[in-house]
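The structure under discussion appears below in the form of structure tokens.
Numbering (the working numbering), first residue to last: 2 to 147.
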């Protein structure tokens, strides 16, 4: 398997997990909490699930933006963090108007901790494994081909 095939596979896995998390959130919003409870049991608690969701959302948004934008790696990371924070805040505050869900500041905090963990991990990956970090995604991909 070539490196580009592995990158595509990784992107697909994270997009599927991202869509699964969105479906999980919507299932609770539309009054089917039993489905979500199975995942809470699988992960151990609701807070762990929110941590995981924050991490997956951040990584998926980053990978998508890194492929689409011609910005530098670190700029893309900060933009994806801002977009992920917005997604997490909208999701949590939308629960104030939903009778099936409850707003919990600790859920939001767990999601933001997952986001921060992923951002730190992406910065470490950038420093250790990507010496060409000043390149844009487009330039980085063209160097990989040569």
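Cβ coordinates follow ideal geometry from the N, Cα and C atoms, glycine included.
Residue environment for residue 14: exposed (fewer than 16 other C-beta atoms within 10 angstroms of its C-beta). Residue 81 is positioned such that its CB atom lies no closer than 7 Å to that of residue 116. In the DSSP assignment, residue 127 falls within the alpha helix (DSSP H) that extends over 106-130.
With a 10 Å radius around the Cβ and a threshold of 16 neighbouring Cβ atoms, residue 35 comes out exposed. Under the Cβ criterion (8 Å, minimum of three pairs), the region 64-80 does not count as touching the region 26-40. DSSP places residue 46 outside both helix and strand once states are collapsed to three, so it counts as coil. In this structure, 65 is the residue among 96, 93 and 65 with its C-alpha nearest to the C-alpha of residue 12.
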